[in-house]
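Q: With the UniProt record's numbering as the guide, the letters of the sequence shown map in order to residues 1 to 566.
Next up is a structure, given as structure tokens.
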Amino acid sequence: MTDKTSAQAQQKFTNLRKRLDQLGYRQTLGLESLPLVEKLFADLVHTTDSLKNAKLELGKQTTETNDVESAIEPYKSDNAKLVKENNDLHQQLIKQKDESDAIVKELKASLRKLEHENADLKFLNNQYVQKARQLEKESREKSDRILHLQEKNFHAVVQTPGGKKKTIPFRRQRMEIDTIVPESDGPSRLVIPNPEDPYIADLLQVADNRIAELDREVRRLNDEKDITERKVKNFREQVDRRDEEIERLNRMLDGGRPSDVVALEARNRANERMISHLNIQIDFLQQKNREMDRKMNEALATRDEYESMSSKMNLKTRQLEAKNKELEYDLNDVDRMAKRLQCDKEIVVKEADREMTEAKDELEKSRHELEDLDQVVAELKAGNQSLSRQQAELKQQLSVKNGDLLRLEELLDRVTEDKKRISHRVNKLMTNEKELVLEIERLKKKNGPALTKKGKTSSKLDAFIRSIEEERNYYRDQADALQKMLRGEIPTRSRSPVRSRSSSRAGSPVREAAGTPTSKSDKKTVAQYETVIRVLEEEKEYYKKEYEILKATKKTISSARATPTK
């Protein structure tokens with residue numbers, strides 16, 4: 001049993017050693033570490049297989065991800081357009097709301113102003129009515145007083161010269177005097193008793209005017225306070241709308257810029273707006289505080305003056321003291337409010353400084369990211385410009401190709417017409433060729449025809465040879481024209497059958513054969529004709545093949561040019 005176990009261990013050791021050597025692990029291995037190394041090797045093999053499988057899965061997922069990204073790229077662009085349009089609409093809506101709020105605020109302010117003016121006019125009307133009633137009452141009292149005095153005056157006692165006194169009630173007074181009053185030497189002056197010192201009345205009037213002025217000032221301050229509160233409320237509504245828009249944009253920016261950076265920027269903007277708003281409020285309240293201090297100093301000065309004359313105007317002094325106390329309470333409230341706002345401002349400023357330091361770090365990171373993105377955008381713009389230039393060049397080439405295509409189509413129409421004409425002539429030549437062959441066979445059989453028949457046969461052969469030469473020249477010209485067209489030249493239709501006929505006649509061996517003396521034998525003449533006809537047929541077939549090849553080449557070129565146009 002022990003030998004078997006040791007043999008198995010030795011076998012395991014040998015196998016493990018071989019596998020380790022295959023993998024490049026040539027370090028020494030002891031028998032006591034065999035189980036550990038075997039487990040580690042098994043884990044290594046399992047890990048390697050898992051890594052291979054993971055790489056395969058990663059490759060598949062990468063391809064799938066690329067496919068999905070390429071599929072959703074149009075949707076992303078459409079989504080970006082829709083998001084931009086939505087943001088523009090939201091901004092327009094916010095602007096419209098702000099404008100409508102401003103208009104409503106102006107209308108409300110004008111309404112309140114008109115209401116205040118209406119109330120003031122009603123108050124003045126009531127005062128004038130009361131004053132009119134008071135004047136009517138005073139007028140009645142004065143008329144009653146005048147009547148009473150007149151009744152007393154009617155009981156006047158008049159002393160007559162006889163020394164008797166006589167009372168005449170309720171009659172018109174009559175007086176009898178001894179002498180008139182002597183005229184005075186100096187100018188007559190109306191003796192007016194000195195009035196009492198009007199200083200007290202003037203002080204009361206000054207105090208009343210001051211109180212009325214302070215009341216008007218208090219009303220004005222209250223109106224300004226109401227206006228300020230309405231403005232603050234309106235600004236808060238605008239800030240709430242801005243915050244809602246920022247939250248909506250933050251939700252839309254999920255997946256784009258980091259939400260922490262966007263939220264931090266939004267908080268920073270909100271804190272800056274709050275700080276500026278608080279600074280404005282503090283400046284406004286400090287200004288109001290200075291005005292209140294000035295007014296309080298003036299009120300204290302007037303109060304000191306009133307206290308110096310308290311023996312003459314105790315009632316008015318008490319009223320002024322009450323008013324001064326109310327103003328002091330108001331000023332104390334304003335001071336407390338200013339101190340509280342100052343404390344709030346310091347707290348907010350400290351908090352904003354702390355957040356600004358954090359925001360600077362975040363913005364620095366964002367700036368680096370934006371620089372990288374700007375570089376990528378610049379590269380993309382350069383690529384876009386190169387593509388635009390290539391597109392312009394391709395458009396220019398396309399216009400040139402379109403012109404060539406139109407020219408080739410025109411040439412193709414002409415070639416088609418020529419082909420029809422050529423096919424007609426080829427058919428005619430085939431019939432002539434058959435007739436000529438039959439005539440040659442018949443001449444061979446006869447082998448000695450008459451001169452008239454020779455003349456007819458020679459004339460027919462000359463005509464046939466001329467027609468074949470014309471066909472050869474025509475196909476040669478067609479081949480040259482197509483070669484020029486393929487090289488980019490415009491072919492000229494300077495192919496006249498008169499020229500071809502003249503040229504064929506000039507260089508035709510038939511004329512040479514016709515110019516030979518009639519003393520030659522008929523066999524030699526027939527052999528010459530057969531040789532000339534064979535040569536012309538070969539040339540015709542050669543140029544016909546060249547024509548067909550060039551025509552096929554033209555078709556392939558036109559199809560190749562039409563493909564990029566589509």
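Even for Gly, the Cβ is constructed at its ideal location relative to N, Cα and C.
#1: Could you say which of R133, R140, K137 and A102 lies nearest to R230 if we only look at CA atoms?
#2: Excluding the 5 residues preceding and the 5 following V415 in the sequence, name in chain order all residues of the same chain whose CB lies nearer than 6 Å to its CB.
#3: Rounded to a whole number of angstroms, what is the C-alpha to C-alpha distance between F284 and D293?
#4: Just to confirm the assignment, what range does the alpha helix (DSSP H) spanning T2 have?
#5: Considering only the beta carbon of each residue, do N289 and V334 sit closer than 7 Å?
#6: Contact between the segment 469-481 and the segment 530-545: three or more CB pairs below 8 Å?
#7: Whose C-beta lies closer than 8 Å to the C-beta of G515 among residues of the same chain, with five residues either side of it excluded?
#8: Measure from the alpha carbon of L249 to the alpha carbon of each residue in Q92, L436, N86 and Q238, then state which is nearest.
#9: Does DSSP put R425 in a helix, a strand or coil?
#10: What would DSSP say about R26, mapped onto helix, strand or coil?
#11: Between L408 and R476, what straight-line distance do the alpha-carbon atoms span, to the nearest angstrom?
#12: Using three-state DSSP, classify E548 as helix, strand or coil.
#13: Would A479 and L536 be called neighbours here (beta carbons separated by less than 7 Å)?
#14: Can the beta-carbon of residue 572 be found less than 7 Å from the beta-carbon of I282?
#15: If you count every other CB in all the chains shown that lies within 10 Å of the CB of Y128, and 16 or more means buried, which is it?
#16: Near A352, which residues of its chain fall below 7 Å by C-beta distance, leaving aside the five closest residues on each side in sequence?
#17: Which residue wins for smallest C-alpha separation from T531, given the options K113, I440, L149 and S70?
#18: Could you say if the segment 44-51 and the segment 62-81 meet the contact criterion of at least three C-beta pairs nearer than 8 Å?
#19: Throw me the rounded Cβ distance for the N279 and M356 pair, which I believe falls under 8 Å.
#20: With L443 and F464 assumed to form a contact (beta carbons below 8 Å), what rounded beta-carbon distance in angstroms separates them?
#21: Kindly indicate which residue of K81, Q287 and K295 has the alpha-carbon position closest to the one of K325.
#22: Under 7 Å between the Cβ atoms of L300 and E362?
#23: Tell me whether the beta-carbon of E38 lies closer than 7 Å to the beta-carbon of L16.
#24: With distances taken Cα to Cα, identify the nearest neighbour of E245 among E417, K484 and H90.
#25: In angstroms, rounded to a whole number, what distance separates the CA positions of Q134 and R336?
#26: Please tell me whether L44 and F13 are closer than 7 Å, where the distance is taken between their beta carbons.
#27: Determine the closest residue to A207 out of L370, T302 and S110, with distance taken between C-alpha atoms.
#28: Taking buried to mean at least 16 other C-beta atoms within 10 Å of its own C-beta, is L214 buried or exposed?
#29: Does the Cβ-Cβ distance between I94 and R318 come in under 7 Å?
#30: Note down, in chain order, each residue of its chain lying with its Cβ closer than 8 Å to the Cβ of V349, except the 5 sequence neighbours on either side.
A: Per the coordinate set shown:
#1: A102
#2: none
#3: Between F284 and D293, the C-alpha separation is close to 14 Å.
#4: Element bounds for T2: T2 to L23.
#5: Contact: yes.
#6: yes
#7: Here G515 scores only 41 on pLDDT, less than 50, and its place in the model is too uncertain to base an answer on.
#8: N86
#9: helix
#10: coil
#11: 19 Å
#12: helix
#13: no
#14: Residue 572 cannot be examined here, being either before or after the span of the chain that is shown, 1 to 566.
#15: exposed
#16: N271 and I275
#17: I440
#18: no
#19: Not a contact, Cβ separation roughly 16 Å.
#20: Not confirmed; about 14 Å, so no contact.
#21: K295
#22: Annotated as distal: L300 and E362, with beta-carbon spacing of 7 Å or more.
#23: Going by C-beta atoms, E38 is nearer than 7 Å to L16.
#24: For E245, the closest alpha carbon among the candidates E417, K484 and H90 is that of H90.
#25: 46 Å
#26: No; because the gap between Cβ atoms is not below 7 Å, this pair is not in contact.
#27: When each option's Cα is compared against that of A207, the closest is T302.
#28: buried
#29: The criterion of a C-beta distance shorter than 7 Å is not satisfied by I94 and R318.
#30: I275
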